[in-house]
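*Asks:* First to last, the protein sequences are chains A and B.
Take the first sequence: its position 176, counted from the start at 1, is 176 in my numbering, and no numbers get skipped.
Take the second sequence: its position 402, counted from the start at 1, is 1402 in my numbering, and no numbers get skipped.
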Amino acid sequence: MKTKTFFLYLLILFVLVGLTDRFAGLVLNTYYTDAKYGYTRKTNYIVTETDEKILIFGSSRASHHYVPTIFKDSLGATTYNCGMDGQGISFHYAVLLRTLERYTPELVILDLTPGDYFFFTNFGSSSLNALAPFYGVNPEFDKVLDEVNPAEKIKMQSMMYRYNSSLIEILVDNLLDRNADWIDGYMPLFQVKSREVAQRSNERIDPSRFRYLQRFVDLVQENHINLVVCISPSRSIVSDSLFLPVENLLFEAGVPLLNHYSDSAFILEPELFQDYNHLNDKGAKLYSRQIAHEILSKSYR
Amino acid sequence: MLFNSFVFLLFFPLVCVAYFITPQKYRWLLLLAASYYFYMNWKPVYALLIGFSTVLTYLCGIVVDKTDDRNKKKIFLTISLIINFGILFVFKYLNFINQTVFELLEALNIRWEVPNLHILLPVGISFYTFQAVGYTIDVYRGSIKAEKHLGIYALFVSFFPQLVAGPIERAKNLLPQFRERHVFDAGLAAQGFKLMLWGMFMKVVIADRVSMYVNAVYNNCEQHTGSTFALATFLFAIQIYCDFGGYSLIAIGSAKVMGFRLMTNFERPYFALSVKDFWRRWHISLSTWFKDYLYIPLGGNRVGLLRNYFNLFTTFVVSGIWHGANWTFLIWGALHGTFQVIEKALGLNATHRGKIGVKTLFQILGTFVLVDFAWIFFRANNVSEAFYIINRIFTNLNAPLYVGQTTLFYAAIGILVLFLKDAADEFFSKRLNVLNNRCVSIRFAGYLFLIVSIILLGVFDNAQFIYFQF
């Protein structure tokens, strides 16, 4: 092969890849935006469409533990559960940034999981790619993704890369309603799969995650939104010191903390849990009533 | 630096351009600097170990080559072997030996604790040590002359494409290439890029995706059923092939772009007709290293039958230990040794295929089952977990299967493409080879498919290559 031909072919390949990237990116974006069901629809809704007065943020422990209809009935305000499986505090922060572009909710309930500020898993770091389809609109929002890895900024220039590993979900979420029981973002669990009690130790604070918690609190307060931080029940044995850093941070910020992590009304009742870390529907309803009652009685709203 | 990292995507073209515009007499210096920079991205201080190993084998090589005194030759060869293997022993095996001795004595009610060394295993230490040691032995045997140029020799030990996970090159093949004047060859570069592209597909689309399922199962043994273990074990065979085979292709391809020819390391190993045939296709640079420097010196097959079986078995046990300081690797090596001895005794060690038929199919399937069974020990976290997994596979196969939702679907797409490519290369004429097809449009469709698959389906969490740990 001649050198000239080689470089010509290389150029043609680059152009073809670039064109395919744009075209496939547009098609995927259309299907992503039009998805009617599942995680694709929920992500799209919480990033670009919510207009409820009360928003609930958090990981799977939020999405499975907070029943919006109960909050709506008790507090008299529309409520949406923005909780997402496997997502950490940086995800919630980014979603809140985009929410504030549209409107200011009255109350934000943040369910904290120790994973939001501890190292114990890689929970919530790589999963940020759920936000990739929304890259390129809000520079502050983009920064959250860029901070994962300096190369991310360059990779995000590819339209296809924004949908990396999402192809099947996007197609399925356009065709099949696999989650008909989801209501206003609440994703109920109905089983009692395990009665185990987990034990946790040797956990260290992850400075970057802790920084995002601080940023989340600051953002809420700058926008004069009422914030209540909750730690929902878990059948785990932990040291009380696990919560000290977050207790100190919230105390200094004047944010109420409702810590039910080791609430005996729940942890002694395995029937209320699907597994050690997640309440089932029965537990979630009981817990939601409890939290709504506390918010009302302590006038946090 | 990882081949599947974004940094390498910048590093490699820069090195290539710099290589071709640098005058020939300074090219070794450029590649040496690039290679050390590449390596020092992990833990800079470990570059000192490569430097030490380089200087030691260089000096021993010079002395061994110069002297006519047989004893002196032997002494310097021994010094080189003892120090190189000594370093390998301290970094890789000392803690394991410590632990084993401690457990043995504890069983005898004697408590004698030697503190473990808290050191990280230097990336690629087994690879460059074997390459450097192989060089000294070759000089001792007189099959090559000692390299006089320290810089070029240092480059031979540390050449970045194959530094951390091979192929383990022979001095006879690689050293002279550093003196050759390479002009940019578009044909070679095209071949090199194709190898890199296919290697990247194997790594990020298949190996890293499959690893999500395999790790979820093998790292949570108590939660899974026999059918799940069977599937995870099958998938691990695919994962390790795509991980290591992918790495080798990127290594060979990147060297090729600059005009260097590295040895082939994998030749569709899962189409092997016997375990013997498997080892002619799997990690070829290591299996030939063991053949040349261990099996043949032990007597190879020019000895009595029993002694030959012993030689075969010993070679594979040592190969097992080379992979890691754990009983699991030793058993893995012993299993391969045993399979080969039995095959040889029964005359089942075919390496050449006749017409494709039912017999061939049975040979391929039978070999795959044996090799995959041995992978259980290779992947399991410890021996008791390996036996637990085997027990579950044989007693709990009808139990429900854990399906990792979309992970398996994405993996299946990659595995199907891999199977079609390998089967086409193995059984059919080269006309079916999409990436080397004579029709430009078909070639471009192939490139585009791989690139789009990598971007859309690849796993980009900078996962390490499995063989780096060895």
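Backbone N, C-alpha and C define an ideal beta-carbon position, used for all residues, glycine too.
Could you run through the region 276-298 of chain A and flag, in chain order, every residue whose CB is less than 9 Å away from some CB of chain B?
*Replies:* Within the region 276-298 of chain A, no residue has a Cβ that lies closer than 9 Å to any Cβ of chain B.
*Asks:* Near TYR93 of chain A, which residues of its chain fall below 8 Å by C-beta distance, leaving aside the five closest residues on each side in sequence?
*Replies:* Excluding residues within five positions, the ones whose Cβ falls inside 8 Å are VAL144, TYR212, ARG215, PHE216, LEU219.
*Asks:* Is GLN214 of chain A helix, strand or coil when you go by DSSP?
*Replies:* In the structure shown, GLN214 of chain A sits in a helix (DSSP, three-state: H, G or I).
*Asks:* So, is the C-beta of TYR1447 of chain B closer than 8 Å to a C-beta in chain A?
*Replies:* Yes, TYR1447 of chain B counts as interfacial toward chain A.
*Asks:* For ARG1281 of chain B and SER1274 of chain B, I'd like the C-alpha separation in whole angstroms.
*Replies:* When rounded, the distance between both Cα atoms is 11 Å.
*Asks:* With a threshold of 8 Å between beta carbons, is LEU1456 of chain B in contact with chain A?
*Replies:* Yes, LEU1456 of chain B counts as interfacial toward chain A.
*Asks:* What residues from the region 1400-1418 of chain B come within 8 Å of chain A, judged by C-beta to C-beta, listed N to C?
*Replies:* Correct list: THR1406, PHE1409, TYR1410.
*Asks:* Taking DSSP as the reference, what is the three-state secondary structure of SER299 of chain A?
*Replies:* Note: SER299 of chain A maps to coil in three-state DSSP.
*Asks:* Just verifying my parser: in three-state terms, what is the DSSP assignment at PHE1449 of chain B?
*Replies:* DSSP places PHE1449 of chain B in helix when its eight states are reduced to three.
*Asks:* Could you give the first and the last residue of the continuous alpha helix (DSSP H) run that contains CYS1016 of chain B?
*Replies:* Looking at the DSSP string, the run of the alpha helix (DSSP H) that includes CYS1016 of chain B is 1006-1021.
*Asks:* To the nearest angstrom, how far is the alpha carbon of ILE46 of chain A from that of PRO105 of chain A?
*Replies:* Straight-line Cα distance between these residues: approximately 13 Å.
*Asks:* Using a 10 Å radius around the Cβ and a threshold of 16 neighbouring Cβ atoms, would you call ASP142 of chain A buried or exposed?
*Replies:* With 16 or more other Cβ atoms within 10 Å, it is buried.
*Asks:* Along the chain, which unbroken stretches of the beta strand (DSSP E) at least 3 residues long are found entirely within the region 1021-1106 of chain B?
*Replies:* With a minimum length of 3 residues, no continuous beta strand (DSSP E) run stays inside the region 1021-1106 of chain B.
*Asks:* Taking ILE1451 of chain B as the query, report the chain A residues whose CB atoms sit under 7 Å from its CB, ordered along the chain.
*Replies:* Going along chain A in sequence order, the residues near ILE1451 of chain B (Cβ under 7 Å) are VAL17.
*Asks:* With 8 Å as the threshold, decide whether the Cβ of PHE123 of chain A is near any Cβ in chain B.
*Replies:* Because the pLDDT at PHE123 of chain A is just 48, under 50, the model does not fix this residue reliably, and the value given afterwards should be weighed accordingly. Chain B, which has no Cβ nearer than 8 Å to the Cβ of PHE123 of chain A, makes this no.
*Asks:* Note down, in chain order, every chain B residue with its Cβ under 8 Å from the Cβ of TYR163 of chain A.
*Replies:* The answer, in chain order, is LEU1456.
*Asks:* Could you check what DSSP says for ILE231 of chain A in three-state terms: helix, strand or coil?
*Replies:* Residue state, collapsed to three classes: strand.
*Asks:* Check whether the region 1149-1163 of chain B and the region 1249-1262 of chain B touch, using three or more Cβ-Cβ pairs below 8 Å as the test.
*Replies:* With a cut-off of 8 Å, the region 1249-1262 of chain B and the region 1149-1163 of chain B count as touching, because enough Cβ pairs lie within range.
*Asks:* For the beta strand (DSSP E) that VAL1257 of chain B lies in, which residues bound it at each end?
*Replies:* No beta strand (DSSP E) contains VAL1257 of chain B, which is instead part of the alpha helix (DSSP H) from 1226-1257.
*Asks:* Per DSSP, which one or two residues make a beta bridge with SER264 of chain A?
*Replies:* BP columns for SER264 of chain A are empty, so no partner.
*Asks:* Could you spell out the range, first to last residue, of the beta strand (DSSP E) harbouring ILE168 of chain A?
*Replies:* Not the beta strand (DSSP E): ILE168 of chain A falls in the alpha helix (DSSP H), residues 167-175.
*Asks:* Per the DSSP calculation, VAL1133 of chain B is bridged to which residue(s)?
*Replies:* DSSP, once it has assigned bridges, lists no residue as partnering VAL1133 of chain B.
*Asks:* For chain A, is any of its Cβ atoms less than 8 Å away from the one on GLY1086 of chain B?
*Replies:* Closer than 8 Å: no.
*Asks:* I'd like to know if PHE134 of chain A contacts chain B, where contact means its C-beta is closer than 8 Å to some C-beta of that chain.
*Replies:* No - not a single Cβ of chain B is within 8 Å of the one on PHE134 of chain A.
*Asks:* With a cut-off of 8 Å on the beta carbons, I'd call ILE1168 of chain B and TRP1332 of chain B a contact; round off their distance for me.
*Replies:* The pair is not a contact, with the Cβ atoms about 19 Å apart (cut-off 8 Å).
*Asks:* Excluding the 5 residues flanking GLU140 of chain A on each side, which residues of the same chain have their C-beta closer than 7 Å to its C-beta?
*Replies:* These residues qualify, in order along the chain: LEU97.
*Asks:* For a contact meaning CB atoms closer than 9 Å, what does PHE1444 of chain B contact in chain A?
*Replies:* Those are TYR9, ILE12, LEU13, LEU16, listed as they occur along chain A.
*Asks:* Would you kindly report the start and end of the unbroken beta strand (DSSP E) that includes ASN149 of chain A?
*Replies:* ASN149 of chain A -> no beta strand (DSSP E), and no H or E assigned at all.
*Asks:* With a threshold of 16 other CB atoms inside 10 Å of the CB of ASN1109 of chain B, please say whether the residue is buried or exposed.
*Replies:* Exposed.
*Asks:* Buried or exposed: PHE123 of chain A, going by 16 or more other Cβ atoms within 10 Å of its Cβ?
*Replies:* The pLDDT assigned to PHE123 of chain A is 48, lower than 50, so where the model puts this residue is not dependable; a value taken from the coordinates is nonetheless given after this. Buried, by the Cβ-count rule.
*Asks:* List the residues that DSSP assigns as beta-bridge partners of TYR186 of chain A.
*Replies:* Note: TYR186 of chain A sits in a beta bridge opposite A:ILE183.
*Asks:* Just tell me which of A:ASP184, A:GLU49, A:VAL148, A:ASP177 has its CA closest to the CA of SER208 of chain A.
*Replies:* Closest by alpha carbon: A:VAL148.
*Asks:* If you draw a straight line from the alpha carbon of LEU1010 of chain B to that of GLU152 of chain A, how long is it in whole angstroms?
*Replies:* Approximately 14 Å, taken between the alpha carbons.
*Asks:* With 8 Å as the threshold, decide whether the Cβ of ARG1386 of chain B is near any Cβ in chain A.
*Replies:* The amino acid occupying residue 1386 of chain B in the given sequence is Ala; Arg does not appear at that position. No - not a single Cβ of chain A is within 8 Å of the one on ALA1386 of chain B.
*Asks:* Go ahead and pull the three-state DSSP assignment for ILE291 of chain A.
*Replies:* ILE291 of chain A: helix per DSSP, three-state reduction.
*Asks:* In terms of residues, what are the limits of the beta strand (DSSP E) holding PHE57 of chain A?
*Replies:* Residues 54-57.
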